[in-house]
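Step one of this worksheet: look at the structure below.
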Amino acid sequence: MASLSINAVKQIVASFINGPHFDKVLNKLQLVSAIPGKMVCEMKVEEEHINVHGTLHGGVTATLVDFVSTTALINTERGAPGVTVDMNIMYLSPAKIGDEILITAQILKQGRTLAFATVDITNKATGKLLAQGRHTKHLGN
10 MASLSINAVK QIVASFINGP HFDKVLNKLQ LVSAIPGKMV CEMKVEEEHI
60 NVHGTLHGGV TATLVDFVST TALINTERGA PGVTVDMNIM YLSPAKIGDE
110 ILITAQILKQ GRTLAFATVD ITNKATGKLL AQGRHTKHLG N
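Number 150 marks the last residue of the sequence shown (the numbering used here); no jumps.
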């Protein structure tokens, strides 16, 4: 499978976040750019994204890492989403309601059976790194 057009990537994102499943928590996610193996999205942190402390919920952060890196992986020559075998997230600084965040996923390596991605979540206004994720996916045989 060849890499996808920006409109095709937008359709993939919309099919997940506008569906009835858990990913709908990301319904405010907007695609900024997509090239093969790299994807940038943005999102404004709103009430449905926060924890009891008024900051971006760690589970939403993990979902962003999972979803954006998987979509970046789909937009590669192989076109396979894979299955998560490992995901690690470092939570470095909070995001509050009203903050705009950028989510940048980069596919580091795609081998025969495994793919490795990194995801940076930054404050759009300040550039401050809020969280960083590493995601390993099994691609099958």
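From the three backbone atoms N, C-alpha and C, an ideal C-beta is built for every residue, glycine too.
The beta strand (DSSP E) runs of length 3 or more contained entirely in the region 30-99 are, from start to end of the chain, 39-44 and 47-53. Spatial neighbours of K37 in its own chain (CB-CB distance under 7 Å, excluding positions within 5 residues in sequence) are listed in chain order as M52, K53 and E55. Within the same chain, E51, M52, K53, V54, N132, K133 and A134 come within 8 Å of E109 by CB-CB distance, once the 5 residues on both sides are set aside. In the structure shown, I106 falls within a coil segment according to DSSP collapsed to helix, strand and coil. The alpha-carbon of T145 is positioned some 30 Å away from that of V61.
The Cβ neighbour count for Q119, taken over all protein chains shown within 10 Å, is at least 16; the residue is labelled buried.
When C-alpha distances from G107 are compared across L73, T64, A17 and T80, the shortest belongs to T64.
The alpha carbon of T93 has as its nearest neighbour, out of A23, V74, L35 and T113, the alpha carbon of V74. Closest by C-alpha distance to G91, out of A140, T122 and L40, is T122. For N27, the three-state secondary structure derived from DSSP is coil.
Annotated three-state conformation of K19 is helix, per DSSP. Assignment of L138 by DSSP, reduced to helix, strand and coil, places it in the strand class. Comparing alpha-carbon positions, the option among E86, N84 and M99 lying closest to G68 turns out to be M99.
Around D129, the same chain offers T113, L138 and Q141 as residues with beta carbons nearer than 7 Å, after the five sequence neighbours per side are excluded. The shortest C-alpha to C-alpha distance from A43 to any of F125, L35 and Q115 is the one to Q115.
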